[in-house]
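Take a look at the structure:
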């Protein structure tokens, strides 16, 4: 089955800097790669996703890139703000999603 | 549309007992997936139900089981509870078609004493 690895497990940046989180997956049949943000005590919320027919997708300060050949995808957050502080999860699959272990992002004012 | 709901929100049980958790998906969604979330372990996939059938299964022991009803509501059951079963149990619903977004419920926090 699918196995997703996520790095780093923790990330601390200064406000205004960029943050990058990377994930690798094992199943070449996976075609859907969402990213979720989970704030303390809340449910995971989708922030961006990408499908296998696209190499890059951007939504304001957030972008995701996908390299299907290498089986890795990355989340890029630019101009980070304190409210970006949360745990971020990547996932891979089709209708059965497997999640990475999460990255705790801290943005220092 | 109303979001995904889960009941109960909090639960305290003792070792050896069993527990049943419920998840009501977004109206029109036919797929419900269940996840176990523990600190440092991320979201571990338990199983996915689609149109009342278990379509996908993770690597959890047989003590963890589930079912889905004709209205797409799903229940998850854990028998013979162990201390290590203490976790946040999240369900997520989607249309069930490939590559469709999953929407999470608020979770049920289970504490096993």
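Chains as they are written, first to last, in the working numbering: chain A, 825 to 933; chain B, 38 to 150. Note that the Cβ used here is the ideal one computed from N, Cα and C, for glycine as well.
So what's residue i in DSSP terms, helix, strand or just coil?
i, result
"residue 907 of chain A", "helix"
"residue 873 of chain A", "strand"
"residue 120 of chain B", "helix"
"residue 100 of chain B", "coil"
"residue 858 of chain A", "strand"
"residue 917 of chain A", "strand"
"residue 884 of chain A", "coil"
"residue 93 of chain B", "strand"
"residue 878 of chain A", "coil"
"residue 902 of chain A", "coil"
"residue 66 of chain B", "coil"
"residue 922 of chain A", "strand"
To the nearest angstrom, how far is the alpha carbon of residue i from that of residue j?
i, j, result
"residue 829 of chain A", "residue 847 of chain A", "5 Å"
"residue 901 of chain A", "residue 140 of chain B", "22 Å"
"residue 850 of chain A", "residue 897 of chain A", "12 Å"
"residue 106 of chain B", "residue 114 of chain B", "14 Å"
"residue 862 of chain A", "residue 74 of chain B", "12 Å"
"residue 907 of chain A", "residue 933 of chain A", "10 Å"
"residue 876 of chain A", "residue 899 of chain A", "15 Å"
"residue 844 of chain A", "residue 54 of chain B", "43 Å"
"residue 70 of chain B", "residue 89 of chain B", "12 Å"
"residue 110 of chain B", "residue 65 of chain B", "11 Å"
List the residues of chain A that residue i touches, going by C-beta distances under 7 Å, in chain order.
i, result
"residue 80 of chain B", "913, 923"
"residue 144 of chain B", "867"
Can you give the beta carbon distance from residue i to residue j, rounded, assuming they're within the 8 Å contact cut?
i, j, result
"residue 874 of chain A", "residue 883 of chain A", "Not confirmed; about 11 Å, so no contact."
"residue 923 of chain A", "residue 79 of chain B", "5 Å"
"residue 856 of chain A", "residue 917 of chain A", "6 Å"
"residue 930 of chain A", "residue 833 of chain A", "Between residue 833 of chain A and residue 930 of chain A the Cβ distance is about 12 Å, and since that is not below 8 Å, they are no contact."
"residue 47 of chain B", "residue 146 of chain B", "5 Å"
"residue 890 of chain A", "residue 878 of chain A", "7 Å"
"residue 42 of chain B", "residue 112 of chain B", "About 13 Å separates the two Cβ atoms, so there is no contact after all."
"residue 127 of chain B", "residue 867 of chain A", "7 Å"
Taking residue i as the query, report the chain B residues whose CB atoms sit under 9 Å from its CB, ordered along the chain.
i, result
"residue 960 of chain A", "Outside the shown range of chain A, which is 825 to 933, sits residue 960 of chain A, and nothing can be said about it."
On the DSSP bridge list, what partners appear for residue i?
i, result
"residue 56 of chain B", "B/115"
"residue 896 of chain A", "A/848, A/891"
"residue 81 of chain B", "B/73"
"residue 105 of chain B", "B/111"
"residue 863 of chain A", "In DSSP, residue 863 of chain A forms no bridge with anything."
"residue 838 of chain A", "A/932"
"residue 829 of chain A", "A/848"
"residue 149 of chain B", "B/50"
Would you mind telling me which residues of chain B sit closer than 7 Å to residue i, beta carbon to beta carbon, in chain order?
i, result
"residue 858 of chain A", "138"
"residue 868 of chain A", "141"
"residue 926 of chain A", "79"
Counting only Cβ pairs nearer than 8 Å, list the residues of chain B close to residue i.
i, result
"residue 875 of chain A", "136"
"residue 920 of chain A", "70, 82, 85, 92, 93"
"residue 855 of chain A", "135, 136"
Can you pull the chain A residues whose beta carbon is under 8 Å from the beta carbon of residue i, in chain order?
i, result
"residue 155 of chain B", "Given that chain B is displayed from residue 38 to residue 150, the structure contains no residue 155 of chain B and the question cannot be resolved."
"residue 48 of chain B", "None at all; the shortest Cβ gap to chain A is about 17 Å."
Identify the contact partners of residue i in chain A, using a Cβ-Cβ distance below 9 Å as the criterion.
i, result
"residue 120 of chain B", "Under the 9 Å cutoff, chain A gives no residues; its nearest Cβ is about 21 Å from residue 120 of chain B."
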